[in-house]
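Visitor: In this text, residue positions in the sequence shown follow this note's numbering: the first is 2, and each later residue adds one.
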Amino acid sequence: ITAGFLVLDEAYRKGDYYSCEKMGPRTTMFQVNTSLMIMYTFTTAPLGTLLLHSSMVRYKGRANLFFGVSGTGKSTHSRLWLENVPGCDLMNDDNPVIRFQDGVLTAYGSPWSGKTLCYRNVQSPVGALVRLEQGKVNQIERLHALDAYASVVAAASTIRWNRSVMDGIIPTVEKVAMEYPCYNLSCTPDAEAVNLCRETIEKQ
Numbered sequence: 002i003t004a005g006f007l008v009l010d011e012a013y014r015k016g017d018y019y020s021c022e023k024m025g026p027r028t029t030m031f032q033v034n035t036s037l038m039i040m041y042t043f044t045t046a047p048l049g050t051l052l053l054h055s056s057m058v059r060y061k062g063r064a065n066l067f068f069g070v071s072g073t074g075k076s077t078h079s080r081l082w083l084e085n086v087p088g089c090d091l092m093n094d095d096n097p098v099i100r101f102q103d104g105v106l107t108a109y110g111s112p113w114s115g116k117t118l119c120y121r122n123v124q125s126p127v128g129a130l131v132r133l134e135q136g137k138v139n140q141i142e143r144l145h146a147l148d149a150y151a152s153v154v155a156a157a158s159t160i161r162w163n164r165s166v167m168d169g170i171i172p173t174v175e176k177v178a179m180e181y182p183c184y185n186l187s188c189t190p191d192a193e194a195v196n197l198c199r200e201t202i203e204k205q
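1) Below 6 Å CB to CB, which residues in the same chain sit around valine 153 once its five sequence neighbours on both sides are set aside?
2) Considering only the alpha carbon of each residue, which of Lys116, Met40, Val105 and Glu142 lies closest to serine 55?
3) Per DSSP, threonine 50 is paired with what?
4) Would you identify the three-state DSSP class for threonine 73, choosing helix, strand or coil?
5) Could you check what DSSP says for asparagine 196 in three-state terms: helix, strand or coil?
6) If you follow the alpha helix (DSSP H) that serine 36 is part of, which residue opens it and which one closes it?
7) Based on the DSSP output, what are the partners of arginine 59 in its beta bridges?
8) Over the uninterrupted alpha helix (DSSP H) stretch that includes alanine 178, give me the two end residues.
9) Between Asn96, Val8 and Val58, which has its C-alpha nearest leucine 81's C-alpha?
10) Which residue's Cα is closest to the Cα of methionine 167: Phe43, Thr35 and Thr29?
11) State the CB to CB distance for the pair phenylalanine 68 and leucine 53, rounded to an integer number of angstroms; the pair is presumed to be in contact (CB under 8 Å).
12) Would you grab the beta carbon distance between aspartate 103 and serine 76 for me? Rounded to a whole angstrom, and I think it's under 8 Å.
13) Less than 9 Å between the C-beta atoms of glycine 128 and arginine 63, yes or no?
14) How is serine 20 classed by DSSP in three states: helix, strand or coil?
15) Determine the contact status of leucine 106 and glutamate 180, defining contact as a CB-CB distance below 9 Å.
16) Under the rule that 16 or more other beta-carbon atoms within 10 Å means buried, what is leucine 130, buried or exposed?
17) Since leucine 9 and methionine 38 should fall inside the 8 Å C-beta cutoff, what is the C-beta to C-beta distance between them, to a whole number of angstroms?
18) Strictly by DSSP, which residues pair up with alanine 129?
Okay, structure coming up:
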């Protein structure tokens, strides 16, 4: 079923959304919201900006982003941080923005936070990026070079079939992977995983 159509101009800065008549207001609002995210992705791709499909908590003034395949437990891991680490807060739970500003990678809340009502106009420098995977024991390792790049590009919320968009984000992904700490955390959904992650990030 086609919910609607989004038509963009050549610069991707203006667009018209046409809703199908059979769709109710809730579906239409969801599609408009998704359309705005698509326009944002197109427009900001060459501007050192990424939407990262992740959950993000702030701790000691730095944003830590947790990402992984669907069902890995990104939101659960963030919730465990909030429950077990005093002084941290949730900045976004689905699609935060990261952007290089004057050479510093900064994370921002966004209007796209999934099912969690966390639409916050907040920002912080990025501390670490952590790829999550489910495991029987808690283990963490630093990712380098190609492994870090592959992890970050896989988490980018982008239009992969559009060459101009991908060409725009690749330099940003490379800079993130080369200059900022990326980890792989194999974990169970418990406080032990949070403490291991926190301690590792604090030592970097």
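Beta carbons are placed, not taken as given, at the ideal position from N, Cα and C, and that holds for glycine.
Guide: If we stick to the structure as given:
1) By 1-based counting over the sequence shown, the position of residue 153 is 152. Answer for valine 153: Val174, Val177 and Ala178, listed in chain order.
2) Residue numbering aside, residue 55 sits at position 54 when the sequence shown is read from its first letter. Serine 55 has its Cα closest to that of Lys116, out of Lys116, Met40, Val105 and Glu142.
3) Taking the sequence shown and counting its residues from 1, the one referred to as residue 50 is at position 49. Threonine 50 pairs with Arg100.
4) To locate residue 73, count along the sequence shown from 1; it is residue 72. If DSSP states are grouped into helix, strand and coil, threonine 73 belongs with coil.
5) Position 195 of the sequence shown, counted from the first residue, corresponds to residue 196. Correct three-state label for asparagine 196: helix.
6) Looking up residue 36 in the sequence shown gives position 35. Where serine 36 is concerned, the enclosing alpha helix (DSSP H) stretches over 26-45.
7) By 1-based counting over the sequence shown, the position of residue 59 is 58. For arginine 59, which the question treats as bridged, DSSP gives the partners Ala64 and Asp90.
8) The count along the sequence shown starts at 1 and reaches residue 178 at position 177. Alanine 178 -> alpha helix (DSSP H) spans 164-180.
9) Residue 81 sits at position 80 when you count from the first residue of the sequence shown. Of the listed residues, the one whose Cα sits closest to leucine 81 is Val58.
10) The count along the sequence shown starts at 1 and reaches residue 167 at position 166. The shortest Cα separation from methionine 167 among Phe43, Thr35 and Thr29 belongs to Phe43.
11) Your numbering for residue 68 matches position 67 in the sequence shown. Your numbering for residue 53 matches position 52 in the sequence shown. That pair is a contact at about 6 Å.
12) Along the sequence shown, one-based indexing puts residue 103 at 102. Along the sequence shown, one-based indexing puts residue 76 at 75. That belief does not hold up - the Cβ atoms of aspartate 103 and serine 76 are roughly 31 Å apart, past 8 Å.
13) To locate residue 128, count along the sequence shown from 1; it is residue 127. To locate residue 63, count along the sequence shown from 1; it is residue 62. A contact, by the Cβ cut-off of 9 Å.
14) Locating residue 20 in the sequence shown gives position 19, where the first residue counts as 1. Strand.
15) Here residue 106 corresponds to residue number 105 of the sequence shown, with the count starting at 1. Here residue 180 corresponds to residue number 179 of the sequence shown, with the count starting at 1. Yes, these two residues count as a Cβ contact at 9 Å.
16) Locating residue 130 in the sequence shown gives position 129, where the first residue counts as 1. Under this definition leucine 130 is a buried residue.
17) For the purposes of this step, residue 9 is identified with residue 8 of the sequence shown, where counting begins at 1. For the purposes of this step, residue 38 is identified with residue 37 of the sequence shown, where counting begins at 1. About 13 Å separates the two Cβ atoms, so there is no contact after all.
18) Position 128 of the sequence shown, counted from the start, is the residue given in the question as residue 129. According to DSSP, which records beta bridges pairwise, alanine 129 is partnered with Asn65.
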